[in-house]
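First the structure, in the form of structure tokens, and then the observations on it.
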Amino acid sequence: MPLWQTKTVKMTLAQWLQQATRQLSDVSPLAADDAKLLLCHQLHVSVSYLYSHPDDKLTTADLEALQQLLGRAVQDEPIAYIVGRWPFWNIELEVASCTLIPRPDTELLVEQALALALPQNAKVLDLGTGTGAIALALACNRPLWQVTAVDKITDAVELARRNATRLAASNCTILPSNWFSAVTGQYFDLIISNPPYIEPNDPHLPALKYEPVSALVAAEQGLADLAIICQQAPAYLAANGWLWLEHGYNQADDVQQLLAAAGFSNVQSRQDYGGNWRISGGCLKHHD
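My numbering applies: residue 620 is where the sequence shown begins, and numbers increase by one.
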């Protein structure tokens with residue numbers, strides 16, 4: 620019998636969930652789901668367990684720990700950072716405050732990459748990998764691909780490597796690199812990136828206060844890093860190689876212009892699940 624079931628107080632799992640959901644409702648549109656994640660994290664159980672054991676009692680120790688977790692969540696700290704893991708595509712990742720929390724919109728890059736007609740043993744480069752989300756989703760779903768992921772933040776590189784080890788993604792190599800600096804002389808069939816693209820004065824930034832600014836904000840109306848990648852990527856792409864980038868909802872036209880100016884053809888954009896133009900890409904027909 621788990622320790623938390625042996626020394627009980629009067630509050631049940633269902634009662635705690637009800638109370639926590641009420642407290643979280645002011646800060647989260649997914650208050651009930653967030654409360655379940657906190658409770659599962661503390662008790663080391665699955666969501667299905669909560670449904671099948673609603674009348675189990677909480678120990679004093681668990682209640683105290685849960686109140687601390689709930690206090691952090693009420694201060695709008697992301698649930699992902701509190702529980703230390705988050706789902707992305709069909710994998711689960713360790714997350715930490717040194718990286719962005721993987722978001723559903725970024726799954727669009729994975730979907731697009733998997734739909735491309737790339738060689739069976741394609742070489743892929745993920746720039747600014749963070750948790751390793753994009754690179755590891757691709758590596759796990761295409762075991763014959765050779766995926767390289769880079770990030771300039773040492774803690775992010777170490778985090779992504781832990782995720783790669785846990786997922787047994789032996790076809791993914793994670794390197795410290797400022798964009799292309801660690802891959803000189805290599806050519807890739809696909810380069811993919813979710814770089815910083817938010818303007819420094821964007822009104823949405825305060826809501827992202829717990830996430831690293833360096834992974835969010837870029838100069839030149841949010842286009843500085845996107846421009847660097849578009850300009851430098853052709854030197855690292857094989858013939859008929861693709862570059863696909865995530866960007867802001869209002870940046871598709873600008874990114875398409877950057878791609879065209881860098882010599883890409885078949886330039887196109889795709890909408891995210893909210894109907895915003897979220898990713899753009901192009902193909903480099905001939906390598907210089």
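The beta-carbon is built from N, C-alpha and C at its ideal position, and this holds for glycine as well.
Please classify E839 as buried or exposed, where buried requires at least 16 neighbouring CB atoms within 10 angstroms. exposed
Same chain, Cβ closer than 7 Å to A754, neighbours up to 5 away in sequence not counted: D745, T748, V766, A768, C791
Start-to-end residues for the beta strand (DSSP E) that takes in A858: 856 to 865
For L835, which of N820, P814, P853 has the nearest alpha-carbon? P814
Beta-carbon proximity check, I710 vs A756, cutoff 8 Å: yes
From which residue to which residue does the beta strand (DSSP E) around V769 run? 765 to 770
Contact belief for Y868 with V802 at Cβ below 8 Å, rounded distance in angstroms: Not really, about 30 Å apart at Cβ, beyond 8 Å.
Which whole-angstrom value describes the C-beta separation of A681 and L662, a residue pair presumed to lie in contact below a C-beta threshold of 8 Å? First, the residue type needs correcting, since residue 681 is Asp and not Ala in the sequence shown. Right, their Cβ atoms sit about 7 Å apart.
I think L689 touches L657, with their Cβ atoms under 8 Å apart; what is that distance to the nearest whole Å? 6 Å
Could you pull the DSSP bridge partners for S888 from this structure? S899
As assigned by DSSP and simplified to three states, the class of P853: helix
CA-to-CA distance, K676 to Q638, given in whole angstroms: 14 Å
I810 - partner residues in DSSP beta bridges: L744, L862
Let me check understanding here. Comparing Cα to Cα, which of Y670, T784, P721 lies closest to P706? P721
What residues in its chain sit with their C-beta under 8 Å from that of E617, if we drop five residues either side in the sequence? There is no way to answer for residue 617, as the model of the chain reaches only from 620 to 907.
Quick one: using the 10 Å Cβ neighbour count with 16 as the cut-off for buried, is V770 buried or exposed? The residue asked about is misnamed: residue 770 is Asp in this sequence, not Val. Under this definition D770 is a buried residue.
DSSP-derived helix/strand/coil call for C717: coil
Taking the straight line between their C-alpha atoms, what separation do you get for G882 and W861? 12 Å
Rounded to the nearest angstrom, what separates C902 and L737 at their Cα positions? 11 Å
Compare the Cα-Cα distances from A699 to each of Q686, C717, A684 and report the closest residue. C717
In terms of residues, what are the limits of the beta strand (DSSP E) holding W798? Unbroken run through W798: none, as it is neither H nor E.
Express the C-alpha separation of T640 and D653 in angstroms, rounding to a whole number. 8 Å
For L809 and N895, the rounded distance between their alpha carbons: 23 Å
DSSP has P706 in a bridge; who is on the other side? E711
E696: which of Q805, A715, E683 sits nearest, CA to CA? A715
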